[in-house]
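Visitor:
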Amino acid sequence: MAVVSSESVPVANETDVVTVRRRVREVAGTLGLSLVDQTKVVTAASELARNTLLHGGGGTMELTTLNGPRLGIRLTFEDKGPGIPDIQLALRDGFTTGSGLGLGLGGAKRLVNEFEVVSRVGEGTKVTIVRWK
Amino acid sequence: MEKIPILRMGEFLLATIQVDMHDRLALALQDDLTTRISETGARGVLIDISSLEIVDSFIGRMLGNIAAMSRVLDAQTVVVGMRPAVAITLVELGMSLTGVKTALNVDAGMELLHSAVDGEREFYGSRI
Amino acid sequence: MATMINQKTSVLGSLIAQNKDQILREWIAEMNDSARRGDLIKEVELRSQCARFLDLLAQGTAGAGTNVQSGAYDPMREMLGEISQSRAQQGFSAKETATFVFSIKRSLFTVIRDAFEKDPKTMAVEIWNATELLDGLGLYTTEVYLKAREERIRRQQEEMLELSTPVVKLWDGILALPLIGTLDSARTQIVMESLLESIVQTNSKVAIIDITGVPTVDTVVAQHLLKTVTAARLMGADCIISGVRPQIAQTIVHLGINLLDVTTKATLSDAFGLALQRSGFALVKPQKKEKQDQ
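Protein chains in written order, with numbering that gives the first Met the number 0: chain A, 0 to 132; chain B, 0 to 127; chain C, 0 to 293.
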């Protein structure tokens, strides 16, 4: 896939989470994603940014615009935190449980087209999501 | 730090959220509302989120908390004006906000609050 | 060796520039032979496209040899992209679209052959360069064409999905959404969007989702229905599900599907009656006035 542009956004405090939302919304809007799709990817970004901050001890978000095969936006959240011991468990919050005590990964996954999480206990976590136009 | 203003409308309180809140602001709103309910004895709270383009799980939980805490203080909470894109996203996230009453807009929300409160009044009033 | 080739392909560029008219003439003649689709494109338009192609080709080879991905070929790729997309929309086939580029080969080779009659080595090199160049451009044209077609099909599918989920206003504040066909996740997204937009536009508090036309209701379909109902509720509108046949009721209980507290009715009319009631309406039959005799 062809990368059009890339930028790095720090995720170190809660103001950064707001910045993440703003920046992702701007880019998604420029790419011409539908309103619902924009809302979904910004919300997913918000969830993952907060995870990076609260569970990962802070980190960065890499925002990339893609053009090939379609227009799209790719976000990578990376931290050097404690890592996720059981990824399958973290992904497994069902539709009816909205208690929000978990990492919300399952929810974020449903909001995007592509989702990948790589994590090693004691080393850190990297979550990559893609929303196509 | 800016705060979300809370207006008093008779025996109800109205909070209109117009900014993209960071977490601390959201928690402050929770505190402020519960404090105001206690102070004023308000019977109902209307939270207008028609300006919000994004409601993530944190804000969703905040709304649920406000509803639960208000109920303990004997007040009803109605959240109004959720945008379609937001509703679709929340549902996909897995949040159904079951403890929260909702209405299409402020007018409908007021109506709902009135009937909820008056209904209660009727019921309890008749037993005194 | 590489520099030599580049020098030589700027030779190609000047060859094209010098023999533009001849190449243009023979190229169009060649295209006429291989089904030019005069029904879809006018001669005048085609001629100007070809002329522009040749100019950009000369420009490109002068700048970057046969490397069609490089910056010197940007205007060429842009033009081919436009032509390809419009051909896709106009109804040309993939082959017909690529023929635009490939049919220039014969006339170009003729020019090269004539220019290097006495120099077979150079002739071979230039013919290879020309082949590489045109193949690259032809393939690019096909790629763009395919992308455009896929995009068009995708959009048509979306439109069809939208058309098959109409939302009807039954009364002030009461909407009906008759679902016909299976309810998969793609359809559910469209359904939710239509329904919620209608709720906002009509200020409706009740939405009746009629599933008479939904052939099977299993756990998956039930989940999709629940999603729709929940989304409407988050906005402040209640849903009533109608068209629940006895078999569906059995399936729901049998599968242990929890419909929360969503009211379900067997028929749309029952659901409508309930919706009116909930909205505070009462249907009154006007009393027949007794004719009073004088």
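Note that CB positions come from ideal geometry on N, CA and C, so glycine has one too.
Along the region 70 to 104 of chain B, what residues have a CB closer than 9 Å to any CB found in chain A?
Guide: ARG82, PRO83, ALA84, VAL85, ILE87, THR88, LEU89, VAL90, GLU91, LEU92, GLY93, MET94, SER95, LEU96 and THR97
Visitor: Using the beta-carbon of each residue, which ones in chain B are nearer than 8 Å to A/LEU90?
Guide: Walking along the first sequence from the start, residue 90 of chain A turns up at place 91. Chain B residues near A/LEU90: none, gap ~12 Å exceeds 8 Å.
Visitor: Would DSSP call A/THR127 helix, strand or coil?
Guide: On the first sequence, residue 127 of chain A is found 128 positions in, with the first residue counted as 1. Strand at A/THR127.
Visitor: A/MET60 and A/SER7 - do their beta-carbons sit closer together than 9 Å?
Guide: As a first step, residue 7 of chain A must be located in the first sequence, where it is residue number 8. As a first step, residue 60 of chain A must be located in the first sequence, where it is residue number 61. Cβ distance < 9 Å, so A/SER7 and A/MET60 count as in contact.
Visitor: Using a Cβ cut-off of 9 Å, pull out every chain A residue sitting near C/GLU161, in sequence order please.
Guide: Taking the third sequence and counting its residues from 1, one reaches residue 161 of chain C at position 162. Result: empty, since nearest Cβ-Cβ is about 12 Å, beyond 9 Å.
Visitor: Using a Cβ-Cβ distance under 9 Å, would C/GLN88 count as near chain A?
Guide: Counted from its first residue, the third sequence places residue 88 of chain C at position 89. So no, C/GLN88 is outside the interface.
Visitor: Which residues in chain A have a C-beta closer than 9 Å to the C-beta of B/ILE48? List them in chain order.
Guide: In the second sequence, counting from the first residue as 1, residue 48 of chain B sits at position 49. The premise fails here: B/ILE48 is roughly 13 Å from chain A at the closest Cβ pair, so nothing lies under 9 Å.
Visitor: Let's test the definition: count the other Cβ atoms within 10 Å of the Cβ of B/GLY98 and tell me whether it reaches 16, buried, or not, exposed.
Guide: Indexing the second sequence from 1 puts residue 98 of chain B at position 99. Under this definition B/GLY98 is an exposed residue.
Visitor: For chain C, check one thing: does any of its Cβ atoms lie closer than 9 Å to the Cβ of B/ALA25?
Guide: Position 26 of the second sequence holds residue 25 of chain B. Judged by the 9 Å Cβ criterion, B/ALA25 is not in contact with chain C.
Visitor: From what residue to what residue does the beta strand (DSSP E) around C/LYS264 run?
Guide: The residue you call residue 264 of chain C lines up with position 265 of the third sequence. Start and end: 262 to 264.
Visitor: With burial defined as no fewer than 16 other Cβ atoms inside 10 Å of the residue's Cβ, what is the status of C/GLU77: buried or exposed?
Guide: Counting from 1 along the third sequence, the entry for residue 77 of chain C is found at position 78. Counting Cβ neighbours within 10 Å, C/GLU77 comes out exposed, since fewer than 16 surround it.
Visitor: Can you tell me where the alpha helix (DSSP H) with C/GLU157 in it begins and where it stops?
Guide: Taking the first residue of the third sequence as position 1, residue 157 of chain C is located at position 158. Note, C/GLU157: alpha helix (DSSP H), 119 to 162.
Visitor: Using the C-alpha atoms, what's the distance from B/MET61 back to C/ALA281?
Guide: Numbered from its first residue, the third sequence carries residue 281 of chain C at position 282. Numbered from its first residue, the second sequence carries residue 61 of chain B at position 62. One C-alpha to the other measures close to 39 Å.
Visitor: For C/GLN155, decide whether its Cβ has a neighbour in chain A, counting only Cβ atoms nearer than 9 Å.
Guide: As a working mapping, residue 155 of chain C is identified with position 156 in the third sequence. So, not an interface residue.
Visitor: Give me the chain A residues within the contact set of C/GLU77, using Cβ-Cβ distance strictly less than 7 Å, ordered along the chain.
Guide: Translated into positions along the third sequence, residue 77 of chain C becomes position 78. Ordered by position in chain A, no residue passes the 7 Å Cβ test against C/GLU77, which lies about 14 Å from the chain.
Visitor: Anything in chain C within Cβ reach of A/VAL2, meaning under 7 Å, just list it in chain order.
Guide: Residue numbering aside, residue 2 of chain A sits at position 3 when the first sequence is read from its first letter. Ordered by position in chain C, no residue passes the 7 Å Cβ test against A/VAL2, which lies about 15 Å from the chain.
Visitor: Is A/PRO68 close to chain C? Criterion is C-beta to C-beta, closer than 9 Å.
Guide: Locating residue 68 of chain A in the first sequence gives position 69, counting from the first residue. Cβ-Cβ to chain C under 9 Å: yes for A/PRO68.
Visitor: Would the region 214 to 221 of chain C count as touching the region 241 to 253 of chain C if we require 3 or more Cβ pairs under 8 Å?
Guide: yes
Visitor: Helix, strand or coil: which one does DSSP assign to A/THR38?
Guide: Counting from 1 along the first sequence, the entry for residue 38 of chain A is found at position 39. Per DSSP, reduced to three states, the secondary structure at A/THR38 is helical.
Visitor: Apply the 10 Å Cβ neighbour rule to B/ARG7 and answer buried if 16 or more other Cβ atoms are within range, or exposed otherwise.
Guide: If you number the second sequence from 1, residue 7 of chain B lands on position 8. Burial call: exposed.
Visitor: Just to confirm before moving on: does the CB-CB distance between A/GLY123 and A/GLY58 stay below 9 Å?
Guide: Numbered from its first residue, the first sequence carries residue 123 of chain A at position 124. Numbered from its first residue, the first sequence carries residue 58 of chain A at position 59. Yes, the Cβ-Cβ distance between A/GLY123 and A/GLY58 is below 9 Å.
Visitor: Just by C-beta distance, which residues in the region 195 to 210 of chain C are closer than 9 Å to chain B?
Guide: In summary, the residues of the region 195 to 210 of chain C whose CB is separated from some CB of chain B by less than 9 Å are LEU195, GLU196, ILE198, VAL199, ASN202, SER203 and LYS204, in the order they occur in the chain.
Visitor: So, with DSSP's three-state summary, where would you put C/LEU236?
Guide: Residue 236 of chain C sits at position 237 when you count from the first residue of the third sequence. The sequence shown places Ala at residue 236 of chain C, rather than the Leu named in the question. Correct three-state label for C/ALA236: coil.
Visitor: Taking Cβ to Cβ, would you say B/PHE57 is nearer than 9 Å to B/ASP19?
Guide: In the second sequence, counting from the first residue as 1, residue 57 of chain B sits at position 58. In the second sequence, counting from the first residue as 1, residue 19 of chain B sits at position 20. Their beta carbons are not under 9 Å apart, which means B/PHE57 does not touch B/ASP19 by this criterion.
Visitor: Where does C/GLN68 fall in DSSP's three states?
Guide: The sequence position of residue 68 of chain C within the third sequence is 69, counting from 1. C/GLN68: coil per DSSP, three-state reduction.
Visitor: Can you give me the C-alpha to C-alpha distance between C/GLN48 and A/GLU113, rounded to a whole angstrom?
Guide: Your numbering for residue 48 of chain C matches position 49 in the third sequence. Your numbering for residue 113 of chain A matches position 114 in the first sequence. If I take the Cα positions, the gap works out to 40 Å.
Visitor: Which of the three DSSP states, helix, strand or coil, is assigned to A/SER45?
Guide: Residue 45 of chain A sits at position 46 when you count from the first residue of the first sequence. Three-state result, A/SER45: helix.
Visitor: Sort C/ARG105, C/GLY279, C/SER184 and C/LEU194 by Cα distance to C/LYS295 and report the nearest one.
Guide: Any property of residue 295 of chain C remains undetermined from this structure, which presents chain C solely from 0 to 293.
Visitor: Could one say the Cβ of B/ALA41 lies closer than 9 Å to chain C's Cβ atoms, at least one of them?
Guide: Here residue 41 of chain B corresponds to residue number 42 of the second sequence, with the count starting at 1. By this cut-off, B/ALA41 is not an interface position.
Visitor: For the beta strand (DSSP E) holding A/VAL120, just list the boundary residues, first then last.
Guide: Here residue 120 of chain A is taken as the residue at index 121 of the first sequence, counted from 1. Here A/VAL120 belongs to no beta strand (DSSP E), and DSSP marks it neither H nor E.
Visitor: Can you pull the chain A neighbours of C/LYS146, defined as C-beta to C-beta under 8 Å?
Guide: For this step, residue 146 of chain C is matched to residue 147 along the third sequence. Here the neighbours are PRO68.
Visitor: Check whether the Cβ of A/VAL8 lies closer than 9 Å to any Cβ atom in chain C.
Guide: Residue numbering aside, residue 8 of chain A sits at position 9 when the first sequence is read from its first letter. Against chain C, the CB of A/VAL8 has no partner CB under 9 Å away; the residue lies outside that interface.
Visitor: Thinking just about the alpha-carbon of each residue, which of B/MET68, B/ILE48, B/SER49 and B/GLY80 is nearest to the one in B/ASP31?
Guide: In the second sequence, counting from the first residue as 1, residue 31 of chain B sits at position 32. When only C-alpha atoms are compared, the closest one is B/MET68.
Visitor: Using a Cβ-Cβ cut-off of less than 8 Å, give me the residues of the region 28 to 52 of chain A that come near chain C, in sequence order.
Guide: VAL35
Visitor: Can you give the Cα-Cα distance for B/LEU13 and A/ALA89, rounded to whole angstroms?
Guide: Counting from one through the second sequence, the residue named residue 13 of chain B turns up at place 14. Counting from one through the first sequence, the residue named residue 89 of chain A turns up at place 90. Each residue's alpha carbon lies about 37 Å from the other.
Visitor: Would you decide whether B/ARG35 is buried or exposed? Buried here means 16 or more other CB atoms lie within 10 Å of its CB.
Guide: Within the second sequence, residue 35 of chain B is the residue found at index 36, counting from 1. When all chains shown are included, B/ARG35 counts as buried.
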